[in-house]
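See structure below.
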Amino acid sequence: MSISDGRPAIIFADVWKSFARHAGQLLIRERVMHWIRSQHPERFYALREISMTANHGESVAIIGHNGAGKSTLLNLTTNLCRPDRGRVEVNGRIAALLDLGAGFHPDLTGAENVRINAAILGLSRRQVREKFDEIVDFAELRDFIDEPLRTYSSGMNMRLAFAVAVCVDPDILIIDEVLGVGDMAFVDKCRKRILEFRNAGKTILCASHSTVTLLDLCDRAIWLDHGHMMEHGPIARVVAAYKAAMMPQAAPAGVGV
Amino acid sequence: MPQLSRVAEVGQTIVFCGLSFSGRKALISAILEVSASIPQSLEIMWRGDYLYLIQNLVIKDFKIRYRNMSLGVLWSLLNPLVMMGVLTFIFTRVWPQPAIPHFPLFVLCGMVPYNFFTVAWLTGTTSIVDNAPLIKRVPLPREVVTITAVLSCCIHLAVQIVLLLSIAILSGKGFNVQWFWLPAMWTLEIIFVCGLAMMSSAVNVFVRDMRYVVESANLVLFWLVPVFYSSDRIDKRYVPILDVNPVAALVISLRKILLNAEPPAAATLLKLTAVSLTFFVAGLIVFRRMKPSFYEHI
Numbered sequence: 303m304s305i306s307d308g309r310p311a312i313i314f315a316d317v318w319k320s321f322a323r324h325a326g327q328l329l330i331r332e333r334v335m336h337w338i339r340s341q342h343p344e345r346f347y348a349l350r351e352i353s354m355t356a357n358h359g360e361s362v363a364i365i366g367h368n369g370a371g372k373s374t375l376l377n378l379t380t381n382l383c384r385p386d387r388g389r390v391e392v393n394g395r396i397a398a399l400l401d402l403g404a405g406f407h408p409d410l411t412g413a414e415n416v417r418i419n420a421a422i423l424g425l426s427r428r429q430v431r432e433k434f435d436e437i438v439d440f441a442e443l444r445d446f447i448d449e450p451l452r453t454y455s456s457g458m459n460m461r462l463a464f465a466v467a468v469c470v471d472p473d474i475l476i477i478d479e480v481l482g483v484g485d486m487a488f489v490d491k492c493r494k495r496i497l498e499f500r501n502a503g504k505t506i507l508c509a510s511h512s513t514v515t516l517l518d519l520c521d522r523a524i525w526l527d528h529g530h531m532m533e534h535g536p537i538a539r540v541v542a543a544y545k546a547a548m549m550p551q552a553a554p555a556g557v558g559v
Numbered sequence: 013m014p015q016l017s018r019v020a021e022v023g024q025t026i027v028f029c030g031l032s033f034s035g036r037k038a039l040i041s042a043i044l045e046v047s048a049s050i051p052q053s054l055e056i057m058w059r060g061d062y063l064y065l066i067q068n069l070v071i072k073d074f075k076i077r078y079r080n081m082s083l084g085v086l087w088s089l090l091n092p093l094v095m096m097g098v099l100t101f102i103f104t105r106v107w108p109q110p111a112i113p114h115f116p117l118f119v120l121c122g123m124v125p126y127n128f129f130t131v132a133w134l135t136g137t138t139s140i141v142d143n144a145p146l147i148k149r150v151p152l153p154r155e156v157v158t159i160t161a162v163l164s165c166c167i168h169l170a171v172q173i174v175l176l177l178s179i180a181i182l183s184g185k186g187f188n189v190q191w192f193w194l195p196a197m198w199t200l201e202i203i204f205v206c207g208l209a210m211m212s213s214a215v216n217v218f219v220r221d222m223r224y225v226v227e228s229a230n231l232v233l234f235w236l237v238p239v240f241y242s243s244d245r246i247d248k249r250y251v252p253i254l255d256v257n258p259v260a261a262l263v264i265s266l267r268k269i270l271l272n273a274e275p276p277a278a279a280t281l282l283k284l285t286a287v288s289l290t291f292f293v294a295g296l297i298v299f300r301r302m303k304p305s306f307y308e309h310i
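This is the structure we're talking about:
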């Protein structure tokens, strides 16, 4: 499964994803009661009938309101959960930046965290040794790399996480709303790196609220609303449609253009 | 069947004791790679260095736990020493039993495997649920989380084995060539616990009572495994069934090796190997079947 196979990078074919409401009851007692009474808990539909294809070299943005299903879509791509119906196919190596805190531990130093996260993202021992300096230099954290992570600011955390993900050299980079925290200089650096990615034929899947960043980075977009795919296509068109739909809520305040 | 047990003995010796450290590491790596390719239907396979990942996660666990403690790992000596002291006192002074020579060493041969098994199984069982943030947000092969939890108990185990061997030497039972059986037997034991932990950790995600089931099973196990009594006292009919339990098999074999300088019985070894590998494979299969639904239930 590599870029040269000719298959698209990401395929979603008629994907549905739902979650059980009130998934908190997990004791034997409650399960037996449910079974006796033949109850089926209601389901919350996070994604309905999503079909999309991302070819290698494309960068796709996912926009939508909170709770629209953006994170669920990204989770399905990275195989954190499986669809109820339909098929998700991914061809290529993935590096996912879904949650800055998850792979990191505050008590360990930056260097230790880099090694752990590089291993989680799939690098071998030798590759980590080779890329370590590259990662630290990209993050511009050479002075702090041996300090425990709890002394880092959130911007520094983000720089470290991003540096590890980018230096893994994945075929597909998946980002979930984490770009916001960096300072302008670093966001610019990330932008340049992501553009290099695109030019190298890698795929990017990015979910964000900040349409400004996305307009810059991505060429296609998908607009999700309550799990439905409202619009997909060139990013300018989709963002315009999204804004037009959101605007009526701002109108009553009489705010100008 | 003397021929079969002889073949088993020879085979065991070649495969485990004959392998160098890197050979054993390569074998484990191969097992992990092969089991990774057991069809997971449409699942996207994680590509990377399994052993390096496990090593990193185990070291991470160790560092986090002991970074700020002064005596650190030495605390793991406390429990076996205390139990050894108490049980020796009870069974030699308060309630004397037919003389078992070197009673402290005898008891320790029971306590070390039992301690490791109970702690490792319980830690493994709760590993998925305890690491919920990691499971939900970071794509990595989830079996690694459970196996890491079991392997991080091995650090305590290593300290306790050093204690065991030291007490063996101090009791006058010096080093003997049978000690070379120890790495193989402990490896099998660890494989057994990994398999069991994978099964129970998967079930624990859906039925959170599982950890209490495990805790109760461990309580019963204290009596089923001949920790403080000798397996000679059990009715001869039950002894072959007794050592199907890998913990009991290990305890009995440890006593043979350390106290009597005898090799472990071939039948026991065969059962240990068979049960350990069966549980490991079964654990992997159960875990893999239940893995896709973890996300919704953590």
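Residue numbers (this note's numbering), protein chains in the order written: chain A, 303 to 559; chain B, 13 to 310. We treat Cβ as the ideally placed atom computed from N, Cα and C, and that holds for glycine.
Using DSSP with H/G/I as helix, E/B as strand and the rest coil, what is residue i?
i: serine 320(A); result: strand
i: histidine 534(A); result: strand
i: arginine 345(A); result: strand
i: arginine 245(B); result: helix
i: aspartate 527(A); result: strand
i: alanine 294(B); result: helix
i: proline 450(A); result: strand
i: leucine 382(A); result: coil
i: glutamate 442(A); result: coil
i: leucine 400(A); result: coil
i: glycine 207(B); result: helix
i: valine 219(B); result: coil
i: valine 226(B); result: helix
i: glycine 122(B); result: helix
i: glycine 369(A); result: coil
i: isoleucine 352(A); result: strand
i: arginine 522(A); result: strand
i: alanine 543(A); result: helix
i: isoleucine 364(A); result: strand
i: histidine 114(B); result: coil
i: leucine 425(A); result: coil
i: tyrosine 62(B); result: helix
i: tryptophan 107(B); result: coil
Determine whether the Cβ of residue i lies closer than 8 Å to any Cβ atom of chain E.
i: aspartate 61(B); result: This model lacks chain E altogether; the protein chains it does include are A and B.
Based on the DSSP output, what are the partners of residue i in its beta bridges?
i: tryptophan 191(B); result: In DSSP, tryptophan 191(B) forms no bridge with anything.
i: aspartate 478(A); result: Ala509(A)
i: arginine 389(A); result: Ala315(A)
i: threonine 411(A); result: Pro450(A)
Between residue i and residue j, what straight-line distance do the alpha-carbon atoms span, to the nearest angstrom?
i: tryptophan 235(B); j: glycine 369(A); result: 53 Å
i: valine 298(B); j: asparagine 68(B); result: 25 Å
i: alanine 310(A); j: leucine 517(A); result: Note on identity: in this sequence residue 310(A) is proline, with alanine being the wrong assignment. Approximately 23 Å between the Cα atoms of the pair.
i: arginine 350(A); j: methionine 210(B); result: 33 Å
i: alanine 260(B); j: valine 237(B); result: 5 Å
i: aspartate 435(A); j: aspartate 401(A); result: 23 Å
i: arginine 464(A); j: phenylalanine 118(B); result: In the sequence on display, residue 464(A) carries phenylalanine and not arginine. If I take the Cα positions, the gap works out to 55 Å.
i: alanine 132(B); j: alanine 421(A); result: 24 Å
i: aspartate 244(B); j: asparagine 143(B); result: 43 Å
i: leucine 519(A); j: arginine 154(B); result: 32 Å
i: alanine 273(B); j: proline 151(B); result: 48 Å
i: alanine 543(A); j: glutamate 533(A); result: 8 Å
i: threonine 280(B); j: arginine 428(A); result: 41 Å
i: glutamate 360(A); j: threonine 515(A); result: 16 Å
i: leucine 296(B); j: arginine 493(A); result: 42 Å
i: isoleucine 140(B); j: glycine 529(A); result: 29 Å
i: tryptophan 87(B); j: methionine 96(B); result: 15 Å
Between which residues of its own chain and residue i is the CB-CB distance below 7 Å, once the five residues before and five after are set aside?
i: lysine 372(A); result: Ile364, Gly366, Ala509 and Leu526
i: phenylalanine 321(A); result: Arg345, Phe346 and Ala348
i: tyrosine 307(B); result: Lys148
i: isoleucine 112(B); result: Phe118 and Ser242
i: arginine 77(B); result: none
Can you give the beta carbon distance from residue i to residue j, rounded, assuming they're within the 8 Å contact cut?
i: valine 362(A); j: threonine 379(A); result: Not quite, the Cβ-Cβ distance comes to about 10 Å (not below 8 Å), so this is no contact.
i: phenylalanine 240(B); j: glycine 122(B); result: 6 Å
i: phenylalanine 292(B); j: glycine 207(B); result: 4 Å
i: isoleucine 173(B); j: valine 124(B); result: 7 Å
Within a Cβ cutoff of 6 Å, which residues of the same chain sit near residue i, ignoring the five residues on either side of it in sequence?
i: isoleucine 352(A); result: Phe314, Val317 and Met531
i: isoleucine 50(B); result: Bear in mind that the predicted position of isoleucine 50(B) carries a pLDDT of just 46, short of 50, making it unreliable; the figure below should be weighed with that in mind. So the list is empty, once near-sequence residues are dropped.
i: glycine 5(B); result: What the structure shows of chain B is the stretch from 13 to 310, and residue 5(B) is not part of that stretch, so it cannot be assessed.
i: valine 438(A); result: Arg444 and Ile447
i: alanine 398(A); result: Thr380 and Ile476
i: alanine 553(A); result: At alanine 553(A) the pLDDT is 48, less than 50, meaning the model places this residue with poor confidence and gives no usable figure here.
Can you name, in chain order, every residue of its own chain whose Cβ lies under 8 Å from the Cβ of residue i, other than the five neighbours on each side?
i: arginine 323(A); result: Pro343, Glu344, Arg345 and Phe346
i: isoleucine 246(B); result: Pro238 and Leu254
i: arginine 417(A); result: Val430 and Phe434
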